[in-house]
Structures are given as structure tokens and as C-alpha cells.
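My numbering numbers the first residue of the sequence shown as 1 and each following residue consecutively. Glycine residues also receive a C-beta, built at the ideal position from the N, C-alpha and C atoms.
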Amino acid sequence: MHATLPLLEVTDFPSIRRAELDTLQVNLGYKCNQRCLHCHVNASPDRKEMMSRDVIELILPVIKSRQIKTLDLTGGAPELHEDFRYLVSEARAAGVHVIDRCNLTILFEPGQEGLADFLAEQGVEVVASMPCYSLKNVDQQRGEGVFDKSIAGLQKLNSLGYGKPGDQLTLNLVYNPQGPSLPPGQQELEADYKRELLAHFGIVFNSLFALTNMPIKRFGSTLISKGQFQDYMQLLKDNYQDANLDGVMCRSLVSVDWQGYLYDCDFNQQLGLALPFSSLADKAHQSERPHLRDLIDHDLKGEAICIADHCFACTAGQGSSCGGAL
Numbered sequence: 001m002h003a004t005l006p007l008l009e010v011t012d013f014p015s016i017r018r019a020e021l022d023t024l025q026v027n028l029g030y031k032c033n034q035r036c037l038h039c040h041v042n043a044s045p046d047r048k049e050m051m052s053r054d055v056i057e058l059i060l061p062v063i064k065s066r067q068i069k070t071l072d073l074t075g076g077a078p079e080l081h082e083d084f085r086y087l088v089s090e091a092r093a094a095g096v097h098v099i100d101r102c103n104l105t106i107l108f109e110p111g112q113e114g115l116a117d118f119l120a121e122q123g124v125e126v127v128a129s130m131p132c133y134s135l136k137n138v139d140q141q142r143g144e145g146v147f148d149k150s151i152a153g154l155q156k157l158n159s160l161g162y163g164k165p166g167d168q169l170t171l172n173l174v175y176n177p178q179g180p181s182l183p184p185g186q187q188e189l190e191a192d193y194k195r196e197l198l199a200h201f202g203i204v205f206n207s208l209f210a211l212t213n214m215p216i217k218r219f220g221s222t223l224i225s226k227g228q229f230q231d232y233m234q235l236l237k238d239n240y241q242d243a244n245l246d247g248v249m250c251r252s253l254v255s256v257d258w259q260g261y262l263y264d265c266d267f268n269q270q271l272g273l274a275l276p277f278s279s280l281a282d283k284a285h286q287s288e289r290p291h292l293r294d295l296i297d298h299d300l301k302g303e304a305i306c307i308a309d310h311c312f313a314c315t316a317g318q319g320s321s322c323g324g325a326l
């Protein structure tokens, strides 16, 4: 695996600061039932890192203290964490909007019986990976048989009321390009997805999020191996749009890793670029990294955001965030 951080640290990306904190994005662990080429987390069935119950128990106090509106659960496959359903239930009971970043095939894994029904009962928003509406492209990126299981997963969610007009159960899909290119226009691509999935499989959904691939971890290493890294970075820089700075997710989101440490976004987490200290820690704790427990007493509004060259991926073209194009 090629390291990408040394190629990204020196940057001319503009400095930005935080706005009001709205979303706590928690990575429950890197274990996943899939191993996808574009995965910026390097998730796989072999990964062992999983959040402890002690850290899990800090999440609700932080949400209440900071009046956070959305809990965004990711991984790996977050549903593989033994406390996933406990955390979701507690957050929903507290009136918090919960997002599950689901790979769809997890719905059919042993031990996950009733998962789809649980998500529906709790009113959880499902954000599901679906890199294309064709079998060949999906299986090429995510593994043989993934497309058929993904279709079955979407049909299962539809049967529970997800993605249907007027229903309260939100189902959004996520698109990633196959290689080192920018995603096409989100609005046009969404129309294509809705037409094809409905015509061939009877599937409906709410919105499509078109995400730019990050030049880090597994995808970044692949670019380096193929001699495409610098060309891809130049593509991102050539398509930089200053107007996207106001909407980048790091301004209103904090990413939490499986150990409880804080980052400006999930991508910084994977690069090991910790949240800048500033007011988050007193002098007695300056040797430690900012941790979830620090958020109980500290407001991040106005704090500087840690940047590097990979930030150009979020601001290129139509922009890219966990909620799709900016």
C-alpha cells in the first residue's frame, strides 16, 4: 500500500474555519463484509478495529451538550458493531436524526436478520452505496455478486416504505466514479438512476449523492501504482470552485474514529490529520489528541480546519460532500 499523505501535505488550498456544529459522524469500526476498490477507509472483513462500549457511551452526552441534530454512522459496515442497534435506539429516543451509511449487502449477512425492519422501525435514514445501475460496473468495483444483493436490498427497503413519495423513510443512493475522473452532473445522473432502477427492478429512492473519489488510502495507492496520481490531482485542482468552500462538510461536521479521536472529516481521519487543538484542550492535556470527551465542554465554532491537497476533491466541479454535490 502506497502512502499518500506525503504527496498531499504541502498545499495551496485556502484556509477555512468552522461554522455551527450540526453533525457528529461516527466511524464504529473498519470491519466490513466487502472490500471495495474506491474505499478510502481500506475496510475489509479482515479489519479488527471496533469502537469500545466506553466510547459509545460518550456519544449521547456529546450530542446533548452540543445540541447536535444528526448522528451519521459509518464504517466499515457500521451495522457489524455489536452496539449498533443500541446506539441507534438511544439516539432516536433522544430525538436525534440518525443516518446509516449502508452497503446494502450487509442486510443479508448472518446475524443481521431483521436489520432492515429495525432501521425502518427506528426511522433511520439509509444512505446506500450503489456505484452504478448496471451489474458489470458494480461488481467490477465492489466484487462479484454485489449487484444482485444490492438490488435485493433496495427492494427489501422499498417493501418497508423506504424511498417512496410521501413516506417518512428516506433512502438515498451514493455514486462514485469507476476511476480517476470527476462524477457527472448529479441531477442528470439521478434522473438516469431513477429511470433505470424503476424500469428494470421496480426500485424507487429519494436522492442520489454523486461523490468524488478521494486520492487517499486504497484508491490513492492504486493511482500511484498506475502512475495516475499527479494527473488526478491536477484534474481536481483545475476544476476547483471557490463557491464550494461555503458548503464543504467539515464546516458543520466532526468525524470520530473508532477510538473516539476527533477529525475535521472522515478523509482527514484516514490520513491521521487530527482536529487542530486550539481551545479544545487545556495546557495539562496538550500532549493528547482531541477526543470525543473534549466536545462535552468545548464549542468548535470559528476553529481552523486542518487542510491538505486532498481537500481539492471536495471543491472540484460541482463539489462533493457526504450529502452529495454542493
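Delimiting residues of the alpha helix (DSSP H) encompassing residue i
{"i": "residue 152", "result": "146-159"}
{"i": "residue 207", "result": "Where residue 207 is concerned, there is no enclosing alpha helix (DSSP H), although the beta strand (DSSP E) it sits in stretches over 207-210."}
{"i": "residue 79", "result": "Per DSSP, residue 79 belongs to no alpha helix (DSSP H) and is neither H nor E."}
{"i": "residue 234", "result": "229-238"}
{"i": "residue 56", "result": "53-66"}
{"i": "residue 224", "result": "217-225"}
{"i": "residue 94", "result": "It is not in any alpha helix (DSSP H) - residue 94 carries neither H nor E in the DSSP assignment."}
{"i": "residue 312", "result": "312-315"}
Residue i burial status per 10 Å Cβ neighbour count (16 or more: buried)
{"i": "residue 198", "result": "exposed"}
{"i": "residue 19", "result": "exposed"}
{"i": "residue 86", "result": "exposed"}
{"i": "residue 296", "result": "exposed"}
{"i": "residue 251", "result": "buried"}
{"i": "residue 23", "result": "buried"}
{"i": "residue 103", "result": "buried"}
{"i": "residue 246", "result": "exposed"}
{"i": "residue 283", "result": "At residue 283, the pLDDT of 42 sits below 50, so the modelled position is not reliable; the number obtained from the coordinates is stated separately. Exposed is the call here."}
{"i": "residue 10", "result": "exposed"}
{"i": "residue 15", "result": "exposed"}
{"i": "residue 48", "result": "exposed"}
{"i": "residue 168", "result": "exposed"}
{"i": "residue 155", "result": "exposed"}
{"i": "residue 291", "result": "buried"}
{"i": "residue 45", "result": "exposed"}
{"i": "residue 111", "result": "exposed"}
{"i": "residue 316", "result": "buried"}
{"i": "residue 195", "result": "exposed"}
{"i": "residue 191", "result": "exposed"}
{"i": "residue 165", "result": "exposed"}
{"i": "residue 318", "result": "buried"}
{"i": "residue 365", "result": "Within the shown structure, residues of the chain are numbered from 1 to 326, placing residue 365 beyond reach of any answer."}
{"i": "residue 114", "result": "exposed"}
{"i": "residue 31", "result": "buried"}
{"i": "residue 76", "result": "buried"}
{"i": "residue 266", "result": "buried"}
Residue span of the beta strand (DSSP E) that contains residue i, given as start and end
{"i": "residue 304", "result": "It is not in any beta strand (DSSP E) - residue 304 carries neither H nor E in the DSSP assignment."}
{"i": "residue 102", "result": "97-102"}
{"i": "residue 73", "result": "70-74"}
{"i": "residue 121", "result": "Unbroken run through residue 121 is the alpha helix (DSSP H), 115-122; no beta strand (DSSP E)."}
{"i": "residue 25", "result": "23-27"}
{"i": "residue 125", "result": "125-129"}
{"i": "residue 174", "result": "171-175"}
Cβ separation of residue i and residue j, assumed to be a contact under 8 Å, to the nearest whole Å
{"i": "residue 158", "j": "residue 206", "result": "Going by Cβ atoms, the distance from residue 158 to residue 206 rounds to 11 Å, so no, they are not a contact pair."}
{"i": "residue 58", "j": "residue 260", "result": "6 Å"}
{"i": "residue 7", "j": "residue 78", "result": "That pair is no contact at about 29 Å."}
{"i": "residue 153", "j": "residue 107", "result": "5 Å"}
{"i": "residue 314", "j": "residue 244", "result": "7 Å"}
{"i": "residue 233", "j": "residue 309", "result": "6 Å"}
{"i": "residue 362", "j": "residue 216", "result": "With the chain covering only 1 through 326, there is no way to say anything about residue 362."}
{"i": "residue 324", "j": "residue 186", "result": "6 Å"}
{"i": "residue 2", "j": "residue 224", "result": "4 Å"}
{"i": "residue 124", "j": "residue 88", "result": "6 Å"}
{"i": "residue 307", "j": "residue 13", "result": "5 Å"}
{"i": "residue 175", "j": "residue 211", "result": "7 Å"}
{"i": "residue 289", "j": "residue 274", "result": "5 Å"}
{"i": "residue 151", "j": "residue 229", "result": "In fact, because the Cβ distance is near 34 Å, the residues do not count as touching under 8 Å."}
{"i": "residue 96", "j": "residue 256", "result": "The pair is not a contact, with the Cβ atoms about 14 Å apart (cut-off 8 Å)."}
Paired residues, beta bridge with residue i - DSSP
{"i": "residue 31", "result": "44"}
{"i": "residue 3", "result": "None, per the DSSP bridge assignment."}
{"i": "residue 324", "result": "321"}
{"i": "residue 50", "result": "29"}
{"i": "residue 17", "result": "304"}
{"i": "residue 291", "result": "261"}
Ranges of the alpha helix (DSSP H) found wholly within the region 249-273, counting only runs of at least 4: 266-271
Return the chain-ordered ranges of every beta strand (DSSP E) run that is complete within the region 173-199 and spans a minimum of 3 residues. none
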